[in-house]
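Scroll down for the structure; my scribbles are underneath it.
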Amino acid sequence: MELIYRNELGASYYDPQHKILVYKSNRLFANDKTELIKDLLNHTANFMHEKHVSGEIVDLSEMRGNFRRILNYLVEEYYPEMKEHGMEKSAYIISNDVIINSLVEILSDRNKTKTRAFREYEKAKTWLTS
Numbered sequence: 002m003e004l005i006y007r008n009e010l011g012a013s014y015y016d017p018q019h020k021i022l023v024y025k026s027n028r029l030f031a032n033d034k035t036e037l038i039k040d041l042l043n044h045t046a047n048f049m050h051e052k053h054v055s056g057e058i059v060d061l062s063e064m065r066g067n068f069r070r071i072l073n074y075l076v077e078e079y080y081p082e083m084k085e086h087g088m089e090k091s092a093y094i095i096s097n098d099v100i101i102n103s104l105v106e107i108l109s110d111r112n113k114t115k116t117r118a119f120r121e122y123e124k125a126k127t128w129l130t131s
């Protein structure tokens, strides 16, 4: 995988074989880090202008906390732009964290791209590439 961008919140990668993005987050409480989330997402969105991306895997399995403050940005700005550039699906890898799971469910209901939650990376990748 090719590193796209990294900051203290996490990193984004491009898998050229499957034409997917992979986000990996650190164990930070994301709600008070909205500018870092936007920074990571914006750098990755800029990358989309150069490559075709059909989907993304967002690995939140290590994240603890809350990203509710970023939901409107994701639904109203990030995902519409990504869909414009060909992204069809979003797979979220989740843990047993109740807050993260409920926020992914809310995002799934509001998102214009097909969005599903998984517990395992390989299952998420299989769904994205099918």
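Quick note on the numbering used here: the sequence shown kicks off at 2 and runs consecutively.
Just so you know, even glycine gets a beta-carbon here, dropped at the ideal spot from N, CA and C.
A quick note: this is a predicted structure, and the numbers were derived from the prediction, not measured.
Extent of the continuous beta strand (DSSP E) run through residue i
i, result
"Arg70", "No beta strand (DSSP E) contains Arg70, which DSSP labels as neither H nor E."
"Val59", "Gly56 to Asp60"
"Ser1", "Residue 1 lies beyond the residue range present for the chain, which begins at 2 and ends at 131; the question has no answer from this structure."
Beta-carbon proximity of residue i to residue j, cut-off 8 angstroms
i, j, result
"Ser55", "Met88", "yes"
"Thr116", "Tyr93", "yes"
"Leu41", "Tyr6", "yes"
"Ile58", "Ile21", "yes"
"Leu61", "Ser91", "no"
Integer Cβ distance of residue i from residue j, believed to fall under 8 angstroms
i, j, result
"Val76", "Asn102", "Wrong, their Cβ atoms sit about 18 angstroms apart, outside the cutoff."
"Asp98", "Arg69", "Incorrect: roughly 13 angstroms between the Cβ atoms, too far for contact."
"Ala46", "Glu9", "About 19 angstroms; that fails the 8 angstroms criterion."
Simplified DSSP state of residue i, which is helix, strand or coil
i, result
"Lys90", "strand"
"Thr116", "strand"
"Glu63", "coil"
"Lys84", "helix"
Span of the alpha helix (DSSP H) around residue i
i, result
"Lys124", "Tyr122 to Leu129"
"Asp40", "Thr35 to Phe48"
"Leu104", "Val99 to Arg111"
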